[in-house]
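Taken in order, the sequence shown gives residues 91 to 168; the numbers are from this note's numbering. First comes the structure, then the notes that go with it.
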Amino acid sequence: MSDRNDGEKFQLQIVKHMSPPELRNVLRNFFLHRQALLMRQQRQEQVEQHHSSGGRNSAARNQEAPKKNQDEKAQDKQ
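Written as structure tokens, this is what we have:
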């Protein structure tokens with residue numbers, strides 16, 4: 091626990107010595123990086139849900155396949 095407190099004190103010392111523009115850049119980069127990670131995680135979750143549901147077009151393909159087979163059978167009869 092003391093190691094963590096020492097680390098936090100060290101970080102606070104760094105922040106105290108930063109100029110406002112430097113601090114603003116560090117915070118901006120932190121939040122942009124965090125936002126990018128969250129967006130990537132959300133995208134990955136969407137992809138996993140998409141795959142687990144069989145994909146976006148699986149229902150459309152399942153409906154099209156019988157129709158295509160019926161059309162081919164009709165052409166064969168002619």
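Backbone N, C-alpha and C define an ideal beta-carbon position, used for all residues, glycine too.
In the DSSP assignment, M129 falls within the alpha helix (DSSP H) that extends over P110 to S142.
The Cβ atoms of M129 and V116 do not sit closer than 8 Å to each other. In this structure, the alpha-carbon of G97 lies about 43 Å from that of S142.
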